[in-house]
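Residue 1 is where the sequence shown starts when you use UniProt numbering, and the numbers rise one by one after that.
Backbone N, C-alpha and C fix where the C-beta goes; we use that ideal spot for every residue, glycine too.
Here the structure is a predicted model, which means the values were calculated and not measured.
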Amino acid sequence: MPSPKVFLSSTKLVIGTAVSVGMLTLAGCGGGGGGKHEPAQSQLRVTHASPDAPMVNVYVNGKLTLEKVDYKVSSGNLMLAPGDYEVEVRGILPDGSETAAVIGPVTLTTADNERLDVVATNDLAAIAPVLIRTNIEEITDVAVSVLHAAPDVADVDIYVTTPGAALMTGTKIDADFGDSAGPLTLAAGTDYQIRIVPDGGDSSAVVYDSGTVNFTSGTELLLLAVENTTGIGANPVNLLAVDSSKASELFTAGTNAEVRAIHMSADTPEVDVLVGAPSTNLMAPDNVVLMDVPFKAAGNYDSIAAPTGTYNLEVEDAATNSLTPIDVDIDLMAGTSYTAIASGSLNAMPTESIEPILFADDRRAVATEAKLRVVHASYIVAQNIPVDVYLTATNDISTAMPAITNLAYGEYTEQLPVAGGEYFVTVTAAGDPNTVVFGAPLMGSPTMLSAGGIYTVIARDPAAMEDLGTNSAGNNAITLEVYTAGD
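Below, the structure is given as structure tokens:
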């Protein structure tokens, strides 16, 4: 087990100020900011920064203190009496059980008026804590510490400047993975720009750019350079801003939202997908993001990329552009990936029923689990039939319990953690394991769900002339399509 890496935050660096309008304000409620502290108090703050590790439980002196802490989540400041504490971190497996300790048990000592940050860093196979000790004191300006917590990113230089200034005019922090610096003293109410370049790089090699940031008086932050696990953009890192109560990810300037579009209406011909500002004519070429999309096809996530905002999404028949079965406004948030499924029936009576099924996807790979989402998009066959879904080692479900129950048309599960391996996937009418609509004996092959994989499984209707046979009730069968985060 790697030993903790310890840093003492005692050096203060002062950075000059500039006057401009702030674009991003982070509220200041830091542990050292503006308040009176009870005598003989210390603080403990735990942050999960291991990019491929599962959620974890944190034990202090053998007691479960923090439960289901996910990547990029922080505990905030926990008040403690000064002294020795045994800290242990255990990973959570897909079935809810715990691993043996991945960190600790390790005895940590907190002193009077000291904040001890425990940051779980590195990939899961080499996970280890970095310890940062900071004196708790009244802050009238802004105090920022930094930590390089991205294991797959080499040495970097971190610059804090006035917006748009040359890099060399600001403070430079030379950081290898695991290195910490600060706290830096910044002026409150002043605009700054944080940029990260490879070691020795210049402004042409920026791998992270905060844009303009502005901090209020009393702000105390620990800024972690963490791996970009969103799947969006080429930047290898983002910043994670940890304050006294939470952690917030600060994406590099210009980060978009991305939308993967999937055609899942069995009786609808090829379609075009158009995206633009609401209440505008989307037929301009720049608004046509996908053309001639056939049934079952999926676009790439980055086929539809746009900043935070509200957008009009239209789906039109590709042949004539005279039918627009989907015309909706959608809200997108930068740094978030979405899947939009066109589902339903163009020939439904009395009117067509095509509608979008929209959800956000987490594209972070976890070393100990596959992520599985199941979507019920079978309208023609099963619009009124909720289903149960079984994941089993064999094609016999007679003694099994369903992994997903009572999933109605148009509904979808969360991304469920599943142990890596081969599974027979069987879909039945809800509450009736004898009415199989997909699976044995209809389909006899298992599906591989690999640890680290991200899967969306869509229950769909058969296409025209596609004979899937009948289910055990004598009705038409449905089938499943499997999409990965790379599709």
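Taking C-beta atoms under 8 Å as the contact rule, Ala334 and Thr229 fail to qualify, at a distance of about 15 Å. Beta bridge pairing from DSSP links Asn235 with no other residue. Counted as a single uninterrupted DSSP element, the beta strand (DSSP E) harbouring Leu108 occupies residues Glu98 to Thr110. Proximity to Gly309 across Ile136, Ile196, Glu138 and Ala257 peaks at Ala257, based on C-alpha coordinates.
For Ala187, the secondary structure class from DSSP, reduced to helix, strand or coil, is coil.
Between Asp267 and Leu346, the C-beta spacing is below 8 Å. Cβ contact annotation for Glu114 (same chain, cutoff 8 Å, sequence separation greater than five): Ser42, Gln43, Pro82, Arg133, Thr134, Asn135 and Ile136, in chain order. It is roughly 15 Å from the alpha-carbon of Thr399 to the alpha-carbon of Val427. The way I'd put it, the region 145 to 161 does touch the region 183 to 199; three or more beta-carbon pairs between them come closer than 8 Å. By the criterion of at least three beta-carbon pairs nearer than 8 Å, the region 121 to 132 is in contact with the region 95 to 108.
Taking the CA atoms as reference points, Tyr409 sits about 7 Å from Ser378.
A direct Cα-Cα distance of roughly 13 Å separates Thr99 from Ala419. Taking the C-beta atoms as reference points, Ala459 is found nearer than 8 Å to Leu480.
If only complete runs of 4 or more residues are kept, the UniProt domain "DUF4397" (42 to 135) shows no alpha helix (DSSP H) anywhere.
Look at Pro417 here: in three-state DSSP terms it is strand.
In the assembly as shown, Leu64 is an exposed residue. Its beta-carbon has fewer than 16 other beta-carbons within 10 Å. Comparing alpha-carbon positions, the option among Val207, Met264 and Pro386 lying closest to Asp157 turns out to be Val207. Restricted to the region 249 to 323, the beta strand (DSSP E) segments that are unbroken, complete and at least 3 residues in length are 257 to 264, 271 to 276, 288 to 293, 304 to 306 and 309 to 317, listed in chain order.
Val226 has its alpha-carbon roughly 21 Å from the corresponding atom of Ser204. Nearest in C-alpha terms to Pro183, of all of Asp117, Gly211, Asp176 and Thr121, is Asp117. Thr121 sits buried, since 16 or more C-beta atoms from the chains shown fall within 10 Å of its C-beta. Nearest to Ala403 by C-alpha distance, out of Arg373, Asn384 and Ala382, is Arg373. Ranked by how close their Cα comes to the Cα of Leu391, the residues Val366, Pro417, Ala367 and Ile380 have Pro417 in first place. Going by DSSP, Thr405 is part of the beta strand (DSSP E) stretching over Ile404 to Leu407. The beta-carbon distance between His48 and Tyr71, rounded to whole angstroms, is 5 Å. This is short enough to meet the 8 Å contact definition. Exposure of Asn384 is indicated by the presence of fewer than 16 other C-beta atoms within 10 angstroms of its C-beta. In the three-state scheme derived from DSSP, where H, G and I count as helix and E and B as strand, Met448 is classed as strand. With respect to Leu290, Gly299 sits close: the two C-beta atoms are nearer than 8 Å. Nearest in C-alpha terms to Asn434, of all of Asp388, Gly211, Ala53 and Leu80, is Asp388.
Judged by beta-carbon spacing, Ser343 lies beyond the 8 Å limit of Ala360, meaning their Cβ atoms are not closer than that value. Contact between Thr212 and Gly233 is ruled out by a C-beta separation of about 19 Å, above the 8 Å threshold. Asp112 counts as exposed, since fewer than 16 other beta carbons sit within 10 angstroms of its beta carbon. For the set Val457, Gly486 and Ala125, the Cα lying nearest the Cα of Ile478 is the one of Val457.
Burial state of Asn406 is exposed, judged by a 10 Å Cβ sphere holding fewer than 16 other Cβ atoms. When Gly170, Gly91 and Val293 are compared, the shortest CA-CA separation from Ala318 is found for Val293.
If you look at Asp157, you'll find it in the beta strand (DSSP E) that goes Val156 to Thr161.
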